[in-house]
Structure formats: C-alpha cells, structure tokens
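Notes follow once the structure below has been shown.
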Amino acid sequence: MSQKEGWGSRIGLVLAMAGNAVGLGNFLRFPAQAAKNGGGAFLIPYLVALVVLGLPLIWVEWGMGRFGGQRGHHSAPGIFQSHSRNGFWKYFGVMGLWSCVVIAAFYLYIESWCLAYAAYSVIGGFKGKTPGDVAGFFEQLTGEHDFQLFAFGGWGMMVFAICITVNVFILSRGLSAGIELVSKIGMPLLIVFAAILAVRGMWITPESDPAAKQSALDGLNFIWEPRLTSLKDPSVWLAAAGQIFFTLSIGMGTIHCYASYLREQDDIALTGASAAWTNEFCEVILGGSILIPIAVAYLGLPDVVNRTSGGSGFSLGFFVFPTLFNNWGSFAPVAGLLWFGLLFFAAITSSLAMGQPIMAFLQQEFGQSRERSAVTFGVMLLPLALPVALFHGSVFFDEFDYWAGTVMLVVFALGETVLFAWSFGMDKAWSEMTKGAELAIPKPFYFIIKFVTPVFLIAILLASGGEMLDKLLHKDVAKTKAAKLADFETQVLDLQLSADARETKLKKLDAELEGLPSDSSKPGFEREAARLKRQEYRAKVAAGGELDEAARDLAIEKLKQSRAAATKFYDALPWWRNIDRLLMVGVYVFFSLLVKNAWSKRQAESNRQAEGSV
Amino acid sequence: MSASATVFLTIVWSVVIGFTAYCFYKLLKSNSRLDGE
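Chains P and F supply the protein sequences, listed in that same order. Going by this note's numbering, the first sequence opens with residue 6, and the numbers climb by one from there. Going by this note's numbering, the second sequence opens with residue 27, and the numbers climb by one from there.
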C-alpha cells in the first residue's frame, strides 16, 4: 500500500510551489516577450493579467486541491470528481495527468541540455567559441540538423537518460525528503546564481570592458522604456495574459496535487500568494536583469532586437550567451555554470512537479509503492520522450509544446473555473478558498473568479482560434515551407546576378538603407534593427559578386540540394505530425481507461461495503 | 537609462518586492504549522 505523504514545512511547501512555477520561461521567455511587446508598458497588461487571471487561478487550484485531498484524492481526475456528481469531470481531470506526462517528455529534454551545457561550461568547453561553434555543439548534443527528420545524439541521449533517472530517484524519495528538499536547496541557489549574474552584468560598460558595444543599462532601458502605443495592440494584452498563465504553471494539475497534501484548516491564501509572488520576483526582477542587458552590452541593441523578435530568448540563452561569458576572462566557466545551473534548477523543480500527480494517481488507485510509482512514471515517459529526442524539433517537440504545453493548459483552466465557480458553486468555492486563510482575499476576487477569469480565458482561446486551426490543418507548415523555398530562390537568384545587375541591386539596397532612419512610423531601435538586417543582406549580395565561377556554381548547387531537402522535409512533416497527434490522443485514452478501471474498482468496493453493512 | 524607464522600473520592482516581502513577512510571523513541523 502507498506510504502517507505530506509536506515537512510551510516554507518548504512555498519553495516547492514556487519551484514548480519558476521555469525556463522566467529567464528566457519573459525578457524577450517584454522587449517585443512594448518594454515597460508590457508590464501594465502583465500585472492586470496577474490580478484577473494569475492570482484567481492560483487560489482556485489550491482550493480545489486541498478540498480533493481531504476526500483522499491527490491527482486531477479524483480532485475534479470530488467537486461534482457528474462523472464527466473525472475524464476532464485526466488532462491533469496527460499534460504532466506530455510536457515532462520534452521539458526533461531541455533540462538535460541545461545539465550538459553547465558541465561543458565548467570544463571550459566554450572558451574561444563563436555562436556558430556553440550551435555546432548543440547539433552534436541533439543530433539535430536542418531539414532532417531523424536525429540521434549519443551524448545528448545519455544526459537525457541521466536526467530522467535523477528525476525518478528524487521522486521516489517522497514529497518531503525528495521534492521539498530539492526545492529548499535549488530555489535559494537559483536566486543567488541569478543575482550574481545580474549584478556582474550591470557593470558592463564600453569603458570598463573593451568587448562591450553598449552599456548593460542600455539593455535594461530597452526592457523598461514604456512604449505606451503598444497598449492599443490587442496582441500585446494576449501575450501578457499568456506569459502570466505559463509562468505560474497554471492548468496542469500540479498545483492541485501539491495542495492536496494540506489539512483542511491549513492556509492556502497566503501560501499560494507567497509562491506566486516569489515566481514574479524571479521573473520580473531577476529574469529581466540578465539575458537582455548582458546581450545588449556585447551584441548591441539592433542585433538583440532581431534575435528576440520571435518573443523567445532561447537562441540567445543557449547559442550566444556561452560565447559572451568569454569576455569575463577566468570568471567565464563559473558564469556558464551559474547561468546553466540556474536554468537547470528552474527546470528540475518544475519537472518534479509534473511527476508527482502521476505517482499520486498510481499510488492511490493502483496501490503502488512510492518507489514503484516513480519508476512507472519514468517508464511512462519513454514512449513520448524517445520520439522527442529521436526526431527533429519540429516534429514531436513543437507539437507537444503547442497542444499540451499551450492550448490544453487554457482549456484545463477554463474547465476548472467553470467547475469550481459555477458547478460547485461560488459561495462554497469562496468559503473553501478562505478557510484557514492568513491573508484576507479581497472580496472583488469573488466576482473576478466567477465572471472575469472565465471570460478572459475564453477570449484567449478565441483569439488563438485562427492559429490553432492553422496548426490543425498544417497550414503553418505550408507557410513555413513557402517562406523557406522563397528564401532559397532569392539566394540562388542573387548568386546568379550579372555584374551590372548586382551593381544595380546594391545601389537600390543602399538607397533603402539611407531611407530607413527617416521612417518615423517605427521607434529608433526597430529602425536600427531593420537596418542591421538589411545591411547583412547587402553584405551577402555583395559577397556573391566576389566568388569566382566555380565557387558560385558550388554555392548554387548546395542551395539547390538544401532546397530539395527542405521540400522533402516539409512534405513529410504533416504526416509525422498526424502520428504525433495520434500518440497524444492515445495517451489520453490510456489514462482515461486507467481512470475508468479505478472508478469501477471503487464502485465495486463501495457496493461490497454496502452489502456487508446490510 | 531614460527617466520614463527608470520610473517604470522603480514602480514595478517596488510592487513585486513589496508584495513578495509582505507575503514572506506574514508567513514567517505566522504561528500555524504543517503536519511535519
């Protein structure tokens, strides 16, 4: 039978919950999103979303979790079912198991990269390397190459296996001696590591460091300069809501699980708020003070604007950062360890949270021991984790991230709000949330949870509807394919230009470059970023003219080969993505059958008890 | 840094640090304990 689980201390619970929330997104996604969506002005919709979406959902999930835990349930299917007599909710709650497994499958892979990068930094592996070299290291690690469906990186697989084993081991030690202990060590270390990097980074100026192009404060200024016109753009509000949603790890069933180990009168209002604000501290203050300021100092603002234009700081963090630390001399290996170490701690405290609901479900419904359930979780990961590691990122990784790590979180959160505030009843829900509270939840949250939060969630889903449909019908693949092929076509045509035609084109590009600074419709840094892109393109066109005929023919031939490989890759991608979706549906059906089986056993048991008492 | 960026940074950092500190202050002053404590 399963061992009794429980939290050892309140501060341990707060750190575990904060660790669950603090992830890679705090340090890589948030600064890029803020930079892309209006700088300081982004923080206005961000804080609004925290109030109307983040904090309400945090309290809803803590409340539901503690309520379900009092009725003997520690995972989403049982917790959801304990709030309603309608049998549908336990199958809806399956999403809280499904998301954990699917997200853990690719999240653990990123976690293993952090571990590998940290180790490689310590041995000085990135010394004297360029971003291109680091990209090569990444290719070696993952075995992933452009336009190749299959990938195999021996080292990467080994580190991935180590990562899964470490997670399984920690989980097998239980809530208090495993997750809580790791959080008590990992979270303070993460904060210290981040603080050291942020403080060291802020001292970079062109006067003190010859490699610096600008001051790090210019980077901080870039993130915090309020471009208030961005507030008129609905997509900025949507991006802020999305960031709050994902940074707090809402909609996965992990918070429910952690909260389910509390007693009926234990406070959830203050503990939940403490975990949420700790996450905000790590994101807004620490996350906003490392990536962009250091990158701007060494690369210059226009380059950083271009690199973060997609709203992700991944390539900056993984490909460029290790090379920037080289400017710090003998401190470089330590800086690499601090950076990738903090990302590793951020990741592992989140991945552990994804394992616990699965273990709780297996222990409770199938009587597995703690150790066995941890191993079962590790085994369950394999059918999903192996495809993630053995295929190009666009195949399984991106699809898992989009459907399980993005869309379904919002669907799950909407479902739980409807269940808790409407089906269970807002009066009962409010009394549940405020029971034992050591922080008075302001009364307006009663109405926010009942009306504003679900409307906000529906708005997010509706606004993302077009993108979802595009993904579902593989239109996104078709668009990317068309753009890539057009790019190859342009490159070939540029190489084939005659000397006169090249001269004319270069003159046209020069005229464009001269005209860019006077385009007042864009802020100065955007004009500079566009100028840099155009300059890079001009350099490419000019370089084509310097090749002799043989070299030009070879370059054209290579481009044609890449074009053929890209065509083949994008033609096969929808087919593989359908397999991927079948796999995800299969996992959902698998968990639903387990839930059905568990509830049949429960029913049979209660029938037997009823007969016995008669 | 520009004046507007400094003002924005100061306000938002104050809000975040203020709420985080307030929560931890209340948490540490609290007498309630969990099972294991």
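Where is the CB? At the ideal position from N, CA and C, for every residue including glycine. Since this is a predicted model, take the numbers as computed values, not measurements.
Item: Three-state secondary structure (DSSP) of residue 316 of chain P; Value: coil
Item: Backbone secondary structure at residue 447 of chain P - three-state DSSP; Value: coil
Item: Other residues of its chain near residue 229 of chain P: CB distance less than 7 Å, five sequence neighbours each side excluded; Value: 44 and 45
Item: Classification of residue 295 of chain P by the beta-carbon crowding that lies within 10 angstroms, buried from 16 upward; Value: buried
Item: CB contact check: residue 69 of chain F to chain P, cutoff 8 Å; Value: Summary: the structure shown does not reach residue 69 of chain F, with chain F confined to residues 27 through 63, and so no result is reported for it.
Item: Those residues which DSSP pairs with residue 231 of chain P across a bridge; Value: P:44
Item: Proximal residues to residue 44 of chain F (C-beta, below 6 Å), its chain only, five neighbours per side dropped; Value: none
Item: Residue 396 of chain P - DSSP class collapsed to helix/strand/coil; Value: strand
Item: Buried or exposed by the 16-neighbour rule on C-beta atoms within 10 Å, applied to residue 327 of chain P; Value: buried
Item: Residue of P:122, P:209 and P:283 minimising C-alpha distance to residue 165 of chain P; Value: P:122
Item: Same chain only: Cβ atoms within 6 Å of residue 6 of chain P, ignoring 5 sequence neighbours per side; Value: Only weak support exists for where residue 6 of chain P lies, its pLDDT of 43 falling under 50; the value from the coordinates is given anyway. So the list reads 372, once near-sequence residues are dropped.
Item: Residue 152 of chain P - DSSP class collapsed to helix/strand/coil; Value: coil
Item: Whether residue 162 of chain P touches residue 426 of chain P by CB criterion (8 Å); Value: no
Item: Closest by C-alpha distance to residue 379 of chain P, when choosing among P:90, P:613, P:612 and P:178; Value: P:178
Item: Residue nearest to residue 22 of chain P in terms of C-alpha spacing, selected from P:51, P:188, P:209 and P:96; Value: P:188
Item: CB of residue 521 of chain P within 8 Å of CB of residue 536 of chain P, strictly; Value: yes
Item: Under 8 Å from the C-beta of residue 289 of chain P: neighbouring residues of chain F; Value: 38, 39 and 42
Item: Whether residue 279 of chain P touches residue 24 of chain P by CB criterion (8 Å); Value: no
Item: Opening and closing residue of the alpha helix (DSSP H) in which residue 430 of chain P lies; Value: Segment: none, residue 430 of chain P is in no alpha helix (DSSP H) and carries neither H nor E.
Item: Residues within the stretch 274–307 of chain P neighbouring chain F, beta-carbon criterion of under 9 Å; Value: 275, 276, 278, 279, 280, 281, 282, 283, 285, 286, 288, 289, 290 and 293
Item: Local conformation of residue 7 of chain P per DSSP, three classes; Value: The predicted position of residue 7 of chain P is uncertain, since its pLDDT is 49 and thus under 50; a value taken from the coordinates is nonetheless stated next. Three-state result, residue 7 of chain P: coil.
Item: Proximity of residue 130 of chain P and residue 145 of chain P at Cβ, strictly below 8 Å; Value: no
Item: Proximity of residue 382 of chain P and residue 120 of chain P at Cβ, strictly below 8 Å; Value: no
Item: The stretch 215–249 of chain P: positions lying closer than 7 Å to chain F by Cβ; Value: 222, 225, 226, 229, 230 and 231
Item: Chain F residues whose Cβ lies nearer than 9 Å to that of residue 202 of chain P; Value: In chain order: nothing, as chain F lies at least about 17 Å away.
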